[in-house]
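Working notes, beginning with the structure itself.
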């Protein structure tokens with residue numbers, strides 16, 4: 024629970040506060056004092072009489088009632104201290120900096136549980152233990168530096184790691200990113216990241232609250248809760264970016280399907296973030312860069328003008344933007360020629376607009392004005408402007424400050440001379456601006472933002488899924504493991520997924536008659552072994568009864584063979600759809616191109632079932648091989664709508680069949696008209 028006493032306490036006591044500002048107890052007192060805390064600050068220290076100008080209490084029993092307690096004492100002392108404060112001093116909020124709890128030992132976990140039980144008994148809020156504290160505009164109860172500039176419209180930052188929070192703050196401050204609050208949840212025994220988001224969602228005021236949230240997550244304890252409140256906040260006008268650390272393990276077990284080999288907890292995180300509309304980041308620099316972008320006016324299009332006085336960075340930014348799906352259109356025509364006439368000889372206006380190293384602040388403004396008012400096919404402006412150390416940049420940055428405030432189109436300042444022009448950049452940031460010192464990091468972050476879809480609608484449409492039939496099929500399966508081909512077809516048919524005509528039999532004559540009926544060529548596959556290709560159990564392009572009979576005889580001799588499957592042979596682009604059930608997350612659905620793209624390149628995208636059409640299209644469009652799906656080099660594209668429909672239908676079916684632990688449809692064959700499932704495996708595990 025999060026209460027007023029935690030966020031806006033009228034009195035704070037630091038248990039273990041000291042005069043040594045190089046230790047946590049002293050640093051917290053210093054930060055609270057320097058932060059201008061307006062309430063009453065008290066200190067408990069058995070060995071000191073005065074700490075940083077404040078009279079000290081020697082024992083918690085001597086304290087008057089106090090609303091918030093910050094504990095910086097050994098872990099073994101914390102449970103009894105919390106008990107006294109909660110029961111005798113009416114303390115309703117605790118921040119426990121101390122380590123040595125459940126993150127270390129079983130005995131530590133028992134201490135932690137005692138604290139939690141006390142807080143629950145007395146209806147008190149608990150941050151930590153094992154954290155750096157809580158920082159907001161009312162009190163700076165953290166022991167670390169830096170203390171960022173606080174602003175009601177700044178960023179709300181929530182971190183599962185104290186040390187990482189400090190490093191992210193370092194990265195942010197140098198960019199000029201301002202904060203509204205910083206939450207270090209530590210072990211998160213009572214208040215986790217999901218709980219902070221819930222509080223922000225439940226109490227959101229669009230007029231006064233920050234609309235930017237940055238998260239560093241080490242553990243997602245409640246994915247549904249995170250999804251619900253993050254989605255709500257984004258729908259209310261917030262923007263959220265997050266790092267999820269520790270999710271790179273990808274199933275070291277010997278996987279029996281492509282889905283099992285590819286799907287991992289990271290796939291689940293990717294899927295969850297996509298559904299919520301959270302921008303996924305993978306580094307501190309990327310997270311803080313995205314946070315800075317969020318503070319600027321939102322992009323209304325993908326077309327950038329680059330104004331630079333250094334050719335190389337302009338070219339690198341052009342390449343990075345183009346690679347990320349953004350555009351740097353060529354500028355030409357009357358307006359371009361007119362601009363060129365106002366620049367220095369040798370300048371270029373093709374885009375990037377290169378005003379040369381000797382271009383002054385006035386020339387920079389001229390180029391910006393043309394991008395703002397004369398070039399209609401430009402949506403945003405990136406300005407690269409540093410110095411080789413020959414001149415100061417105060418005047419140029421004052422002009423840039425003015426343009427950023429005046430222009431309708433967002434301007435992204437890239438001021439790379441952090442050492443040579445450090446004072447000038449610092450003055451620019453002090454005016455409330457941000458700075459993207461590296462152009463490629465900026466382009467990467469912009470691309471990631473543009474690729475992130477809006478939150479998916481929470482409503483689930485059944486799309487004609489035959490749920491009663493599905494339940495009956497699942498109920499009739501008696502053994503765990505991979506189900507036979509006929510059962511696979513029955514399950515997929517419940518979702519209306521198109522299937523290639525096929526027959527499984529141990530009768531050569533029956534299979535030959537089937538091949539005559541559907542028409543040659545056909546495909547023969549052994550039934551029994553899981554990896555058919557590995558045992559020579561797949562033969563394509565069978566065109567005669569004699570060839571089919573020969574392959575039947577050969578396949579029935581393969582170890583583990585229980586029959587032969589014959590299918591009508593189709594042609595088209597190979598696609599892949601799979602899904603894996605992840606505890607707490609549900610089914611993670613994967614899609615991609617089939618064949619080498621899934622086997623070797625692992626070019627797949629993930630989504631969390633059930634999926635909307637918007638999510639399915641976002642997954643398809645995010646594939647590296649999407650150009651093949653769309654059609655390239657004279658080759659027609661596939662029916663993208665039907666591919667998306669199959670993804671959506673399968674994801675909805677899975678929502679009603681948690682017994683399906685893995686499903687692998689590979690390949691689906693697609694052309695401009697149809698998408699048909701050719702081969703599939705389904706792993707069932709019933710309790």
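Numbering (our numbering), first residue to last: 24 to 710. Note that CB positions come from ideal geometry on N, CA and C, so glycine has one too.
In the DSSP assignment, residue 149 falls outside any alpha helix (DSSP H) and within the unbroken beta strand (DSSP E) covering 148–150. By alpha-carbon distance to residue 85, the top candidate from 66, 228, 212, 553 is 66. Taking all protein chains shown into account, residue 303 has 16 or more neighbouring C-beta atoms within 10 Å of its C-beta and is therefore buried. Judged by their CB atoms, residue 541 and residue 524 are nearer to each other than the 8 Å cut-off. In the DSSP assignment, the residues bridged to residue 596 are 693. Three or more Cβ pairs drawn from the segment 586–593 and the segment 517–532 lie within less than 8 Å of each other, which places the two stretches in contact.
Residue range 586–591 is occupied by the beta strand (DSSP E) that includes residue 587. Distance from the CA of residue 238 to the CA of residue 191, rounded to the nearest whole angstrom, comes to 10 Å. With a contact defined as Cβ atoms closer than 8 Å, residue 220 and residue 252 qualify at about 4 Å. Straight-line spacing of the CA atoms in residue 632 and residue 309 works out to 28 Å. For residue 528, the pairing in a beta bridge is given by DSSP as 587. The Cβ atoms of residue 165 and residue 255 do not sit closer than 8 Å to each other. Counted as a single uninterrupted DSSP element, the stretch harbouring residue 572 is not any beta strand (DSSP E) but the alpha helix (DSSP H) occupying residues 568–578. Around the beta carbon of residue 619, fewer than 16 other beta carbons sit within 10 angstroms, so the residue counts as exposed.
In this structure residue 118 is buried. Its beta-carbon is surrounded by 16 or more other beta-carbon atoms within 10 angstroms.
Annotated three-state conformation of residue 163 is strand, per DSSP.
When rounded, the separation of the alpha-carbon atoms in residue 390 and residue 405 is 11 Å. The straight-line gap separating the alpha-carbon atoms of residue 134 and residue 99 is approximately 7 Å. Two segments are said to touch when three or more pairs of C-beta atoms, one from each, lie closer than 8 Å; by this definition the segment 211–219 touches the segment 136–153.
Secondary structure note for residue 221: its alpha helix (DSSP H) is the uninterrupted segment 216–225.
Pairing residue 298 with residue 261 gives a Cβ-Cβ distance that is not under 8 Å. In this structure the segment 288–295 does not touch the segment 464–479; the number of beta carbon pairs closer than 8 Å is below three. Between residue 695 and residue 662 a beta carbon distance of about 6 Å is seen, short of the 8 Å cut, so the two are scored as contacting.
For residue 239, the uninterrupted beta strand (DSSP E) run begins and ends at 235–240, by DSSP. Contact check for residue 626 against residue 598 fails: the beta carbons are separated by 8 Å or more.
Our two residues, residue 394 and residue 332, have alpha carbons roughly 16 Å apart in a direct line.
A direct Cα-Cα distance of roughly 45 Å separates residue 337 from residue 210. Note on residue 161: 16 or more other CB atoms within 10 angstroms of its CB, so buried under the neighbour-count rule. Between residue 503 and residue 708, the gap from beta carbon to beta carbon is short of 8 Å. By the beta-carbon neighbour count (other beta carbons within 10 angstroms, threshold 16), residue 72 is exposed.
DSSP lists 164, 206 as the bridge partner or partners of residue 157. Taken through DSSP and simplified to helix, strand or coil, residue 331 comes out as strand. In terms of Cβ geometry, residue 672 and residue 687 do not form a close pair [threshold 8 Å]. For residue 180, the enclosing beta strand (DSSP E) has its first and last residue at 173–182. Closest option to residue 88, judged by alpha-carbon separation, among 69, 555, 57, 32: 32. The way I'd put it, the segment 35–43 does touch the segment 89–96; three or more beta-carbon pairs between them come closer than 8 Å.
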